[in-house]
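Numbering (the numbering used here), first residue to last: 82 to 236.
Working notes for the structure below.
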């Protein structure tokens, strides 16, 4: 059986290696043409334990996340700040996969959403006004769980 991706870019989402291997050889992804963008979510089979999701907001089944409950912070080696909320990760049975068939999987993360989240507003890959607006609208009501810092309390 072939391999969908050469490697994983953002490997900081606590995805077990067995699940990464499963995604990298998933028959549905192997049907994509070389060089084609893959941007979808896969439900986990029963043999895998739930994985963590940091997403909060309407696409995760929540009310819109208010600005008063969030802060901006740059995570890891990213080039811009993420909208964060002091809440715990939640266990989910779906993985978002974004990458190029035959190239790199840019990111893989747990999610409750039907579709992967759009890039964050600071991302230079948002090349059109339409994509920029989609991102801004999405991240205005969604946030990512983070450990509380500097006196913030988890909700």
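C-beta atoms are modelled at their ideal positions from N, C-alpha and C, and glycine is treated no differently.
Values in this document were obtained by computation on a predicted structure and should not be read as measured data.
- Secondary structure at residue 163: strand, using DSSP grouped into helix, strand and coil.
- Residue range 210–220 is occupied by the alpha helix (DSSP H) that includes residue 216.
- For the region 108–159, the full-length beta strand (DSSP E) segments reaching 3 residues or more read 118–124, 132–134 and 151–155 along the chain.
- Membership of residue 187 in any alpha helix (DSSP H) is not indicated; the residue belongs instead to the beta strand (DSSP E) covering 185–191.
- Distance from the Cα of residue 192 is smallest, within the candidate group 173, 208 and 105, for 173.
- In this chain, the alpha helix (DSSP H) harbouring residue 101 covers 98–105.
- Exclusion of the five residues before and after residue 185 leaves 86, 87, 88, 89 and 90 as the residues of its chain whose Cβ lies within less than 8 Å of its Cβ.
- The alpha carbon of residue 105 has as its nearest neighbour, out of 210, 228, 83 and 142, the alpha carbon of 83.
- Annotation: the continuous beta strand (DSSP E) that includes residue 226 extends over 224–226.
- According to the DSSP assignment, residue 180 belongs to the beta strand (DSSP E) that extends over 175–181.
- Within the DSSP secondary-structure output, residue 88 pairs in a beta bridge with 185.
- Straight-line spacing of the CA atoms in residue 129 and residue 153 works out to 33 Å.
- In this model, residue 217 and residue 206 are separated by some 14 Å (Cα to Cα).
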